[in-house]
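In full-length UniProt numbering, the protein residues as written are 1 to 161.
Here you go:
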């Protein structure tokens with residue numbers, strides 16, 4: 001699927017703060033343990049999203065903020081949601097998703113949320129119709145719980161209509 005960039009300061013706070021700064025400055029042996037803890041937190045987060053995926057393995061490099069993820073997704077949508085689960089996490093700067101897809105479909109586009117964005121405005125931009133915002137909301141569930149709760153720096157899936 002490729003390498004995707006994310007904003008380090010934006011996203012879910014699954015790990016970080018003191019741990020993230022410690023990982024950046026840690027001795028190599030300690031950094032491995034911190035990286036493993038962060039990778040496990042991301043794997044657990046993916047598990048809570050109820051996606052149709054299996055054999056998910058996550059790696060994290062605290063020095064660069066890069067996540068690598070492998071496994072099998074049943075649909076393209078699930079594969080793309082895994083990328084977003086990994087990337088929309090504080091202290092993550094990039095995601096390399098090498099998962100395979102059992103039932104391939106056309107890939108979605110992505111939108112980086114900026115201050116003032118709404119799902120309606122994003123739908124107008126990509127679909128030419130603001131009332132199509134539920135398509136974007138549904139495409140990003142369960143990571144989005146409310147169509148009015150998006151934040152700058154978040155990356156959203158924009159599926160083809």
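All C-beta atoms in this analysis are idealised placements derived from N, C-alpha and C, irrespective of residue type, glycine included.
Note that the segment 56-76 touches the segment 95-109; at least 3 beta-carbon pairs, one per stretch, sit closer than 8 Å. The beta carbon of residue 65 sits closer than 7 Å to the beta carbons of 8, 91, 92, 93, 94 from its chain, once the five residues preceding and following it are set aside; these are given in chain order. In the DSSP secondary-structure assignment, residue 112 is bridged to 155. Under the three-state reduction of DSSP, residue 145 is assigned to coil, being neither helix nor strand. Exposed is the label assigned to residue 115, since fewer than 16 other Cβ atoms lie within 10 Å of its Cβ. Going by C-alpha positions, residue 45 is about 29 Å away from residue 121. The three-state reading of DSSP puts residue 79 in helix, counting H, G and I together.
When C-alpha distances from residue 40 are compared across 30, 135, 69, the shortest belongs to 69.
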